[in-house]
Amino acid sequence: MAKSVPVKQNRNWLLAFGSICLLTIVTRFYKVTEPPHVCWDETHFGKMGSWYINRTFFFDVHPPLGKMLIGLSGYLTGYDGSFPFDKPGDKYENTSYIGMRVFCTALGASIVPMSFLTVDEMTQSMTASVLSSLFILFDVGLITLTQYILLDPLLLCFLMGSVLGAIKVSSKRNKEFSVKWWSWLAFTGLMLACCISVKFVGLFIVLLVGLITIGDLWSILGDLSRPVSVTMKHLIARTICLILWPIFLYVAFFYIHLTVLNRSGNGDGFYSSAFQSQLIGNSLHNASMPRLVAYGAVVTIKNHRTGGGYLHSHYHLYPEGIGARQQQITTYTHKDDNNKWIIKKYNTNKIKGVSILRSGDLIRLEHVPTKRNLHSHKEQAPIMKKHFQITGYGENGTGDANDVWRVSVVGVPDGTEVATVSSKLRLIHYLQSCALTSTGKQLPKWAYEQQEVSCNPNLRDANAVWNVEENFFEKLPNVSFKVYAPSFIERFFESHAVMFQGNAGLKPKEGEVTSRPWQWPINYRGQFFSGSAYRIYLLGNPVIWWGNLIFLALFVLVFSINAIKQQRGYIKSFSDSHKQELVACAWLFLAWMLHYIPFWAMGRVLYFHHYFPALLFNSMLSGILLDYLLEEVPKFFSPKLAATVYHTMLVLILSCIVYSFHLFSPLAYGMNGPSANEANSTMYGLKWLDSWEF
Numbered sequence: 003m004a005k006s007v008p009v010k011q012n013r014n015w016l017l018a019f020g021s022i023c024l025l026t027i028v029t030r031f032y033k034v035t036e037p038p039h040v041c042w043d044e045t046h047f048g049k050m051g052s053w054y055i056n057r058t059f060f061f062d063v064h065p066p067l068g069k070m071l072i073g074l075s076g077y078l079t080g081y082d083g084s085f086p087f088d089k090p091g092d093k094y095e096n097t098s099y100i101g102m103r104v105f106c107t108a109l110g111a112s113i114v115p116m117s118f119l120t121v122d123e124m125t126q127s128m129t130a131s132v133l134s135s136l137f138i139l140f141d142v143g144l145i146t147l148t149q150y151i152l153l154d155p156l157l158l159c160f161l162m163g164s165v166l167g168a169i170k171v172s173s174k175r176n177k178e179f180s181v182k183w184w185s186w187l188a189f190t191g192l193m194l195a196c197c198i199s200v201k202f203v204g205l206f207i208v209l210l211v212g213l214i215t216i217g218d219l220w221s222i223l224g225d226l227s228r229p230v231s232v233t234m235k236h237l238i239a240r241t242i243c244l245i246l247w248p249i250f251l252y253v254a255f256f257y258i259h260l261t262v263l264n265r266s267g268n269g270d271g272f273y274s275s276a277f278q279s280q281l282i283g284n285s286l287h288n289a290s291m292p293r294l295v296a297y298g299a300v301v302t303i304k305n306h307r308t309g310g311g312y313l314h315s316h317y318h319l320y321p322e323g324i325g326a327r328q329q330q331i332t333t334y335t336h337k338d339d340n341n342k343w344i345i346k347k348y349n350t351n352k353i354k355g356v357s358i359l360r361s362g363d364l365i366r367l368e369h370v371p372t373k374r375n376l377h378s379h380k381e382q383a384p385i386m387k388k389h390f391q392i393t394g395y396g397e398n399g400t401g402d403a404n405d406v407w408r409v410s411v412v413g414v415p416d417g418t419e420v421a422t423v424s425s426k427l428r429l430i431h432y433l434q435s436c437a438l439t440s441t442g443k444q445l446p447k448w449a450y451e452q453q454e455v456s457c458n459p460n461l462r463d464a465n466a467v468w469n470v471e472e473n474f475f476e477k478l479p480n481v482s483f484k485v486y487a488p489s490f491i492e493r494f495f496e497s498h499a500v501m502f503q504g505n506a507g508l509k510p511k512e513g514e515v516t517s518r519p520w521q522w523p524i525n526y527r528g529q530f531f532s533g534s535a536y537r538i539y540l541l542g543n544p545v546i547w548w549g550n551l552i553f554l555a556l557f558v559l560v561f562s563i564n565a566i567k568q569q570r571g572y573i574k575s576f577s578d579s580h581k582q583e584l585v586a587c588a589w590l591f592l593a594w595m596l597h598y599i600p601f602w603a604m605g606r607v608l609y610f611h612h613y614f615p616a617l618l619f620n621s622m623l624s625g626i627l628l629d630y631l632l633e634e635v636p637k638f639f640s641p642k643l644a645a646t647v648y649h650t651m652l653v654l655i656l657s658c659i660v661y662s663f664h665l666f667s668p669l670a671y672g673m674n675g676p677s678a679n680e681a682n683s684t685m686y687g688l689k690w691l692d693s694w695e696f
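Just so you know, my numbering puts 388 at position 386 of the sequence shown, and the rest follows in order with no gaps.
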C-alpha cells in the first residue's frame, strides 16, 4: 500500500509548484509581442510555416515536425501565410504573427514546471525541485530563446518531456504495468519521436533515455525475488513504447509532411527528377516532353546522386591562380536559365532531320546563355586537386577538341537511345579519359558558394552519373511522359539522404561569425537577435551560468570523495535521500555530457544556442547538488544552529538568484519604469551590454 503524504506537506508542494507555474507565465509571456518585427531565425522558420500553409515544397536540414507545428499554430490563429519573412528587421504589418510567437513561447515555458516535476521524481526533495526550476526560470537566455518563432522552444519542450516521462516510468511511485505506468511510457515514446522530429540532435536524448531504460532493466533483472519473465515483460513493453511507437510516429510525421507539401517550390532542385515529378507545378509533374533526347535539343542535366544539382554555368571566370582563367562550371540546386545546354554533334553544327542521341556517341554541350562549350583540360580542379578542371570555353559554340565528350548510358550497350529522365548517363572526356562529376564540395564566394564540378580520372565515380531532366525539342512530338512515381518509402529515404547531405555541408563560411563549444559554458559570447530600436542579444544570466560550472566541478569532487570513502569503509552506505540525490546528479551529469561533448567533434557551423539543452541538465544538477550541500554544511554546527544556518543559506541563495534576474531580465524595466526608448534599447535587461565589448 502506498505511503500516505501528510496534508501539510502536500499543501506545501502544491504551493511551491503553483508559484513556479505562476512565475513561469509572468516571465515568459512578458512582452511576447515585442519587437513587432522579424528577429534572427524567424526569417527561416516563419517562412517555412508560411510554406506549409501554402503547401509549397521546400528543403531544410531539419526534420519537419517543428515547422509543421509553427505553420499549424499560425493557421489556427489567423495567419494566412502571405508575409515574406525576407530578413531580420522586417516589420510585421497587418500580419497575425502573435499566435505563432505565443505557441512557441508556451511550449518553451513548459520546460520550467517539467523540470520541477523531473527533479521531484528523481529526489523526492521539494527544495531540490524548487532550486532546479528556479535556475531555469530565472535564466534570461532561456527567456530570450523561447519567445520567438524558432525550433528551439519546441525542441527543449520535447526534450524535457522525454526526460520527465523516462523518470516517471523508472520511479517506484507508479505501479508497473498499471494504466498510469503505461500512459507515462507511451508519453515518453511520443516525446522522443517529437524531439527527433524537430532536430536531429534529438538523438542525444534518445541515447539518454536508452541508457536509463537499460539501467532499469538491469536493476529489474538483478532482483532475485522476481522471475525473469518480469524482465521480459518490461523489455517487450519498452520495445513497443520506446522503439516501435516513436518510429511509427516519426514516419507518420514525414507522411503528413510529404502529403501537405504537394506544390513545387524553390527546394525542388535538391531532389531527384522522379521525386520532383510528384509536385504540382513542377516542370516534370504530368510532364509533356519528348521521350527521347535528340541532337539540337535544349536540355537541363541533373546529377543523379541524391541532392545533386544541375550542371550550371554563368558569365564569371575562374579567378587568377585557379587553373585556366576560363568560364566557371558548377552545379546549382535551383532551376534557372543558366542550367540549359544544347546537345550538338562533335564535328558539325548541321543536323539533317531528327537524329536521336545514343550511348557511345561523341557530343559537344553548348551553354545556351553564354554560347560556350563544356570543356576540360589538364589543369587541377579548384578543390579536388587530383581531378581536372571543368570550364566553359570557345565563342558562339566554336571551341577545340577538349570540348568533346562521349555519352555512356549506364547498364546498356552502345547504340541504345537516350531517354529523358530515366537514362543514367556518364559523360567521359574524349581526350583526358575522365568522367564529368559533381564532387559535392562547396566553392568559395567567387563561385557564389555553388558546388564544384570536375573531371575525375576514376571513371567509376558514383557521383559521375547524370540524367537529362528537361528536354525541349520542337521536331519531336511531346508525349504525356510520366516518370515512375516513387513510393512514399522511397521519398522518405530520399528526404533523409538530402537532409544528411545538407547537414554535412553546413561548414563555416568565409567571414561568418560562429562560436566554439568552449565558449558556451562560460557565457563568453552570445547571438544578436535584433538590432536598431530593439536590441535583443541572446546571453545567459552570468550568475546562474558561472554557478553551474562551479556545481559541475563540485559534483565531480563530492562524488569522487564519497566513492573513495565508501570503498575504503569510512562510510558503510549513504542515507536513502543522499544516495538518491547523488544518483540523480550522476544521471544529469551524463545527460549534460551527451548534449555537450559531441559538439567538440562536429565540423559543421555551430552557434551559442546549441548549448541550451545541456544547460537544462546542468541547471537541474546544480539545484540537486545545492540541496545536498545545504543539508551537509549545517551538520558542522551544533544542532541548535543547524536549522538556522540551513534556512539562512537557503534565503541568501534564493535572494542571489532573484537579484541576478532583476539585473539582467526584462522585468527589471517593468519594475523600475524606464522610458520606452530606454526599455527598447536595452530590451531583456542586458544593462551591462553597453559596457562590454563583444
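Using N, Cα and C, we set each Cβ at its ideal position, and we do this for glycine too. Every value quoted in this text rests on a predicted model; they were computed, and no experiment measured them.
With respect to the 8 Å criterion, residue 454 and residue 332 are classified as neighbours on the basis of their beta carbons. Between residue 136 and residue 43, the alpha-carbon positions lie close to 28 Å from each other. Minimum Cα-Cα distance from residue 525 among the listed residues 597, 496 and 613 corresponds to 613.
Pairing residue 190 with residue 386, the inter-Cα distance amounts to about 46 Å. In the DSSP annotation of this structure, the continuous segment of the alpha helix (DSSP H) that includes residue 77 starts and ends at 67 to 78. Inter-segment contact for the region 65 to 75 and the region 23 to 39 is absent: fewer than three beta-carbon pairs are separated by less than 8 Å. Rounded to whole angstroms, residue 324 and residue 540 show a C-alpha spacing of 41 Å.
Judged by DSSP secondary structure, residue 184 falls within the alpha helix (DSSP H) whose first and last residues are 181 to 200. Distance from residue 480 to residue 306 at the Cβ level is roughly 24 Å; contact not present, criterion being Cβ atoms closer than 8 Å.
Scanning the region 224 to 288 for uninterrupted alpha helix (DSSP H) segments of 4 residues or longer gives 230 to 241, 247 to 262 and 275 to 278, listed from N- to C-terminal end. Residue range 544 to 570 is occupied by the alpha helix (DSSP H) that includes residue 564. Contact annotation, residue 583 with residue 168: C-beta distance approximately 18 Å; criterion of less than 8 Å not satisfied. Sequence-distant Cβ neighbours of residue 223 in its own chain, meaning closer than 6 Å and more than five residues away, are 233. For residue 53, the enclosing alpha helix (DSSP H) begins and ends at 44 to 56. For residue 152, there is no enclosing alpha helix (DSSP H), as DSSP marks it with neither H nor E. By the CB criterion at 8 Å, residue 444 and residue 393 fall outside the cutoff. Around the Cβ of residue 95, a 10 Å sphere holds fewer than 16 other Cβ atoms; the residue is exposed. In the structure shown, residue 464 adopts coil according to DSSP, grouped into three states. Going by C-alpha positions, residue 180 is about 57 Å away from residue 312. Between the region 93 to 113 and the region 584 to 603, the count of Cβ pairs shorter than 8 Å is below three; the stretches do not touch. Rounded to whole angstroms, residue 210 and residue 596 show a C-alpha spacing of 7 Å. By the C-beta criterion, the region 620 to 630 is judged to be in contact with the region 544 to 562, since at least 3 inter-stretch pairs fall below 8 Å. With a cutoff of 8 Å on beta-carbon distance, residue 212 and residue 157 are scored as not near each other.
Contact between residue 366 and residue 406 holds, since their C-beta atoms are separated by about 6 Å, short of 8 Å.
In this structure, the straight-line span from the alpha carbon of residue 278 to that of residue 555 is close to 53 Å. Note on the region 593 to 639: whole alpha helix (DSSP H) runs with a minimum of 4 residues are 614 to 634, in chain order.
Note that the C-beta distance between residue 467 and residue 433 is not below 8 Å.
Comparing alpha-carbon positions, the option among 288, 354, 301 and 370 lying closest to residue 316 turns out to be 370. Under the 10 Å beta carbon count, residue 448 is surrounded by fewer than 16 other beta carbons and is classified as exposed.
Around the C-beta of residue 88, fewer than 16 other C-beta atoms lie within 10 Å, and the residue is accordingly described as exposed. In this structure, residue 357 places its C-beta atom within 8 Å of the C-beta atom of residue 296.
For residue 431, there is no enclosing alpha helix (DSSP H); the enclosing beta strand (DSSP E) has its first and last residue at 427 to 431. Taking a contact as a CB-CB distance under 8 Å, the pair residue 500 and residue 273 counts as one, their CB atoms being some 6 Å apart. In the DSSP assignment, residue 394 forms a beta bridge with 329 and 376. Cα atoms of residue 177 and residue 161: separation of roughly 24 Å, rounded to the nearest angstrom.
Collapsing the DSSP output to three states places residue 172 in a helix.
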